[in-house]
Amino acid sequence: MRNVSISREGLPETVLPPENPEIVELLDAALQLENQNLRREKLNQIAGRFPSSIEVWKTMGLAGRDTMESYAAFRVGYHRGLDALRKNGWRGSGYVRWGHPSNRAFLECLSGLQRISEQIGDFAESERCGIFLLQLDPEMPDNL
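According to the working numbering, the sequence shown is numbered sequentially starting from 9.
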């Protein structure tokens with residue numbers, strides 16, 4: 009129950025803790041594999057070891073073989089991110105800003121979910137994700 013502060017505007021701001029450096033190293037090594045099947049196998053192994061890691065699910069979403077595989081990974085990352093936010097004091101509203109690097113995996117999962125929801129024709133979901141992103145950080149970059 010930490011990393012929540014009141015901003016100048018009065019809304020609380022939550023900052024997720026940094027990712028485990030071991031996970032980051034494992035993901036970097038997996039992404040260096042040229043063989044797509046080996047890369048996927050390694051990413052699945054990492055997800056099995058660290059299922060609550062938002063960074064793992066974000067990476068799997070970006071490395072997905074197709075739209076629905078990416079969609080599923082981004083959705084899991086989004087939900088793992090909500091769990092992590094709640095664990096760190098977030099109560100369903102307030103800022104989760106892009107300016108804090110440790111928040112980015114969650115925001116990228118939400119952005120990925122928004123983008124793919126639009127691609128598959130789930131426009132209501134895409135709109136909800138877009139609104140949520142703006143609520144979390146009105147100044148977040150548009151090019152995610």
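Even glycine gets a Cβ: it sits at the ideal position worked out from N, Cα and C. Computed from a prediction, not measured in an experiment: that's the story for all the values here.
Excluding the 5 residues flanking it on each side, Leu142 has same chain C-beta neighbours closer than 8 Å at Met148, in chain order.
Secondary-structure assignment with DSSP links Tyr79 through no beta bridge to anything. Residue Asp145 holds the alpha-carbon nearest to the alpha-carbon of Pro20 among Asn151, Asp145 and Leu34. Around the beta carbon of Met68, a 10 Å sphere encloses 16 or more other beta carbons of the protein chains shown; the residue is thus reported as buried.
If you look at Leu41, you'll find it isn't in any alpha helix (DSSP H); DSSP assigns it neither H nor E.
In this structure the segment 89 to 107 does not touch the segment 69 to 81; the number of beta carbon pairs closer than 8 Å is below three. By the Cβ-count criterion, Phe82 is buried, with 16 or more other Cβ atoms from all chains shown falling within 10 Å of its own Cβ.
For a cut-off of 8 Å, the C-beta gap from Ile62 to Ala92 is around 6 Å, short enough to register as a contact. Membership of Trp98 in any alpha helix (DSSP H) is not indicated, and neither H nor E is assigned to it by DSSP. Counting along the chain, Ser134 sits inside the alpha helix (DSSP H) bounded by residues Phe131 to Leu144. Gly107 sits exposed, since fewer than 16 C-beta atoms from the chains shown fall within 10 Å of its C-beta.
The shortest C-alpha to C-alpha distance from Tyr86 to any of Glu133, Gln44 and Arg57 is the one to Glu133.
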